[in-house]
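In my numbering, the protein residues as written are 33 to 450.
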């Protein structure tokens, strides 16, 4: 069992990290300095809280400690050209506090995390760099987790993140939510970031938990903020609807032992009906604008699952058709894998296997777990139990998440013994 101070620091890191880091970046104007100061503060918290007890407001303690660590680092860094100016700014914050309305936005959304997303998603950065940097800075994902999400090597992702930070510094990209006329061109990257944060929470790429609920919650919180910021954009509402509809099933995705429960086997009485209603209403309102985009189409798929009373009554043919429309608009191996799985459930197993054939031959997808799991499911439906067992075993070998790996091994063993 972890010492109380360590457990409290870990909880604070999980719950407060994004907000504290975003505020530090605004105050310091330096990603790396903010990250280093924050790490120093969490290390200090373990020692101080063991000695003095856990403070009533851990986040405020961490914020103050991180700011002081930043001051210490600035004093030691004699080559930093603007260290005197930054020290003066931080000293003022220390003495006068940091009023929430000091730089209030015209929209009223004075949220540093939202500022951070738009800063990271500036058009001066390449799209993959925008998403990766925000996932690292705001979501707290490790470089390895982000690399797996992008299907690239960890070393390449590390270089991408470093280059993105350097670009923000050298290009003097402002730390703010852009004015209304710039919002549309910046929105695609922001929505992609939020959804990738949600996806990492919904199905963790590594570790011993299938679901990282804090990331799902953070992504939904950011989605609500975006809806408040852009209430007339149907894709913003579509993304929030999509996340809510997925998240409605969170409590039923694992059993009491932490093992994965497949969608068809989930106890639907445990699904969050409030989330389903909210997501469905958001989706319906977005679709009435008749500007359907990728997030609205995905939300429509999630709605068909969430509002179906049983697996047998789910309209898999309609789901496959929606995935087909998604593939036409935004071609992607991920969409093709999901479409193939839906075709199999709709009775078109051969068509699903044909769709997967070129993906299975693609070396870049050799370790893509959903591809091999979908292949296994289709082979099982075709009557090839041996091939399905081998495909499930391959998916298990590629899986970094312990819960998913255990379930894939269980399926492989069941078929092998059958």
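The beta carbon of each residue, even a glycine, is placed where N, CA and C say it ideally should be.
Point to revise | Minimum C-alpha distance to residue 421 - residue among 151, 91, 154, 445 | key: The sequence position of residue 421 within the chain shown is 389, counting from 1. Residue 445 is the option with its Cα nearest to residue 421.
Practice item. Give the range of the alpha helix (DSSP H) segment to which residue 341 is assigned. Key: Along the chain shown, one-based indexing puts residue 341 at 309. Neither: residue 341 is in no alpha helix (DSSP H) and is coded neither H nor E.
Check your understanding: Helix or strand or just coil, what does DSSP make of residue 3?
Key -> Absent from the structure is residue 3, since the part of the chain shown begins at 33 and ends at 450.
Review point. If we ignore side chains and look at the alpha-carbon of each, how far apart do residue 228 and residue 64 end up?
Key: As a working mapping, residue 228 is identified with position 196 in the chain shown. As a working mapping, residue 64 is identified with position 32 in the chain shown. Using only the alpha carbons, I get a separation of about 23 Å.
Exercise for review: Let me know if residue 305 comes out buried or exposed under the rule of 16 or more other beta-carbons within 10 Å of its beta-carbon.
Suggested key: Counted from its first residue, the chain shown places residue 305 at position 273. The residue in question, residue 305, is exposed, as its Cβ has fewer than 16 Cβ neighbours within 10 Å.
Exercise for review: Would you list the residues sitting across from residue 315 in a DSSP beta bridge?
Suggested key: In the chain shown, the residue the question calls residue 315 occupies position 283. Paired residue(s): none; residue 315 is not in a bridge.
Exercise for review: Identify every run of the alpha helix (DSSP H) within the stretch 360-432, keeping only runs that are complete inside it and at least 4 residues long; order them along the chain.
Suggested key: 365-377, 381-392, 401-414, 417-430
Review point. Sorted by chain position, which residues of the same chain lie with C-beta nearer than 8 Å to residue 272's C-beta, five sequence neighbours on each side aside?
Key: The count along the chain shown starts at 1 and reaches residue 272 at position 240. Cβ within range, chain order: 252, 255, 256, 258, 259, 311, 314.
**Study point:** residue 159 burial status per 10 Å Cβ neighbour count (16 or more: buried)
**Key:** Counting from one through the chain shown, the residue named residue 159 turns up at place 127. Exposed, by the Cβ-count rule.
Point to revise | Distance CB(residue 417)-CB(residue 450) smaller than 7 Å | key: Here residue 417 refers to the residue found at position 385 of the chain shown. Here residue 450 refers to the residue found at position 418 of the chain shown. It is a contact, given that the beta carbons lie within the stated cut-off.
Practice item. List the residues that DSSP assigns as beta-bridge partners of residue 286. Key: Indexing the chain shown from 1 puts residue 286 at position 254. Residue 286 is bridged to 292.
Exercise for review: Please report how far the alpha carbon of residue 514 lies from the alpha carbon of residue 178, in whole angstroms.
Suggested key: Any property of residue 514 remains undetermined from this structure, which presents the chain solely from 33 to 450.
Practice item. Determine the DSSP secondary structure at residue 259, reduced to helix, strand or coil. Key: Looking up residue 259 in the chain shown gives position 227. DSSP places residue 259 in helix when its eight states are reduced to three.
Point to revise | Under the three-state DSSP convention, the category residue 75 falls into | key: On the chain shown, residue 75 is found 43 positions in, with the first residue counted as 1. If DSSP states are grouped into helix, strand and coil, residue 75 belongs with the helices.
Point to revise | Contact between the stretch 391-411 and the stretch 344-355 (3+ Cβ pairs under 8 Å) | key: no
Point to revise | Nonlocal neighbours in the same chain, by C-beta distance under 6 Å from residue 372, ignoring five residues either side | key: As a position in the chain shown, residue 372 is number 340, starting the count at 1. These residues qualify, in order along the chain: 384, 387, 388, 406.
Check your understanding: Which term fits residue 84, buried or exposed, when burial requires 16 or more other beta carbons within 10 angstroms of its beta carbon?
Key -> Indexing the chain shown from 1 puts residue 84 at position 52. Counting Cβ neighbours within 10 Å, residue 84 comes out exposed, since fewer than 16 surround it.
Exercise for review: Kindly indicate which three-state DSSP category residue 169 falls into: helix, strand or coil?
Suggested key: By one-based count along the chain shown, residue 169 stands at place 137. Helix at residue 169.
Review point. With 16 other CB atoms within 10 Å as the buried threshold, where does residue 52 fall?
Key: Against the chain shown, residue 52 aligns to sequence position 20. The residue is buried, with at least 16 neighbouring Cβ atoms inside 10 Å.
Review point. Beta-carbon separation of residue 278 and residue 205 under 7 Å?
Key: Sequence index remark: in the chain shown, residue 278 carries index 246 (1-based). Sequence index remark: in the chain shown, residue 205 carries index 173 (1-based). Taking 7 Å as the Cβ cut-off, residue 278 and residue 205 do not qualify as a contacting pair.
Review point. When the distance is taken between beta carbons, is residue 236 closer than 7 Å to residue 244?
Key: Looking up residue 244 in the chain shown gives position 212. Looking up residue 236 in the chain shown gives position 204. Contact flag set, yes.
Review point. Would you say residue 295 faces chain B, with C-beta separation under 7 Å as the test?
Key: Going by chain labels, chain B is absent from the structure shown, which holds only one protein chain.
Review point. Is it true that the CB of residue 362 sits closer than 7 Å to the CB of residue 332?
Key: Your numbering for residue 332 matches position 300 in the chain shown. Your numbering for residue 362 matches position 330 in the chain shown. No.
Review point. Which two residues bound the contiguous alpha helix (DSSP H) that contains residue 103?
Key: Along the chain shown, read from residue 1 onward, the residue named residue 103 stands at position 71. Start and end: 90-108.
Point to revise | Distance between residue 288 and residue 370 (C-alpha atoms, nearest Å) | key: As a first step, residue 370 must be located in the chain shown, where it is residue number 338. As a first step, residue 288 must be located in the chain shown, where it is residue number 256. If I take the Cα positions, the gap works out to 28 Å.
Review point. Do you know how far the Cα of residue 377 is from the Cα of residue 182?
Key: Here residue 182 corresponds to residue number 150 of the chain shown, with the count starting at 1. Here residue 377 corresponds to residue number 345 of the chain shown, with the count starting at 1. Their Cα atoms are separated by approximately 28 Å.
Check your understanding: Quick one: what's got a C-beta closer than 7 Å to residue 340's C-beta in the same chain, skipping five residues either side?
Key -> Within the chain shown, the letter at position 308 stands for residue 340. Counting only Cβ-Cβ distances below 7 Å, and skipping sequence neighbours, we find 346.
Review point. Cβ of residue 399 within 7 Å of Cβ of residue 430?
Key: In the chain shown, the residue the question calls residue 399 occupies position 367. In the chain shown, the residue the question calls residue 430 occupies position 398. Going by C-beta atoms, residue 399 is nearer than 7 Å to residue 430.
Review point. By the 10 Å Cβ neighbour count, where 16 or more other Cβ atoms means buried, how is residue 328 classified, buried or exposed?
Key: Here residue 328 refers to the residue found at position 296 of the chain shown. Under this definition residue 328 is a buried residue.
**Study point:** Cα-Cα separation between residue 165 and residue 366, rounded to whole angstroms
**Key:** Indexing the chain shown from 1 puts residue 165 at position 133. Indexing the chain shown from 1 puts residue 366 at position 334. Those two C-alpha atoms are separated by around 22 Å.
Exercise for review: Return the CA-CA distance between residue 319 and residue 268, expressed in angstroms with no decimal places.
Suggested key: Start at 1 with the first residue of the chain shown, and residue 319 comes out as number 287. Start at 1 with the first residue of the chain shown, and residue 268 comes out as number 236. One C-alpha to the other measures close to 12 Å.
Point to revise | Assigned secondary structure, residue 154 (DSSP; H/G/I helix, E/B strand, else coil) | key: Start at 1 with the first residue of the chain shown, and residue 154 comes out as number 122. DSSP places residue 154 in coil when its eight states are reduced to three.
Exercise for review: Can you say whether residue 330 is buried or exposed, counting buried as having 16 or more other CB atoms within 10 angstroms of its CB?
Suggested key: Translated into positions along the chain shown, residue 330 becomes position 298. It is buried - the Cβ of residue 330 has at least 16 other Cβ atoms within 10 Å.
Exercise for review: Flag this pair as yes or no: are the beta carbons of residue 176 and residue 186 separated by less than 7 Å?
Suggested key: The residue labelled residue 176 in the question sits at position 144 within the chain shown. The residue labelled residue 186 in the question sits at position 154 within the chain shown. Closer than 7 Å, so yes.
Review point. By a C-beta neighbour count over all protein chains shown, 10 Å radius and 16 as the cutoff for buried, is residue 335 buried or exposed?
Key: Residue mapping note: residue 335 aligns to position 303 of the chain shown, counting from 1. Buried, because 16 or more other Cβ atoms sit within 10 Å of the Cβ of residue 335.
Check your understanding: How would you write the range of the alpha helix (DSSP H) that residue 193 sits in, first residue to last?
Key -> For the purposes of this step, residue 193 is identified with residue 161 of the chain shown, where counting begins at 1. Residue 193 -> alpha helix (DSSP H) spans 186-202.
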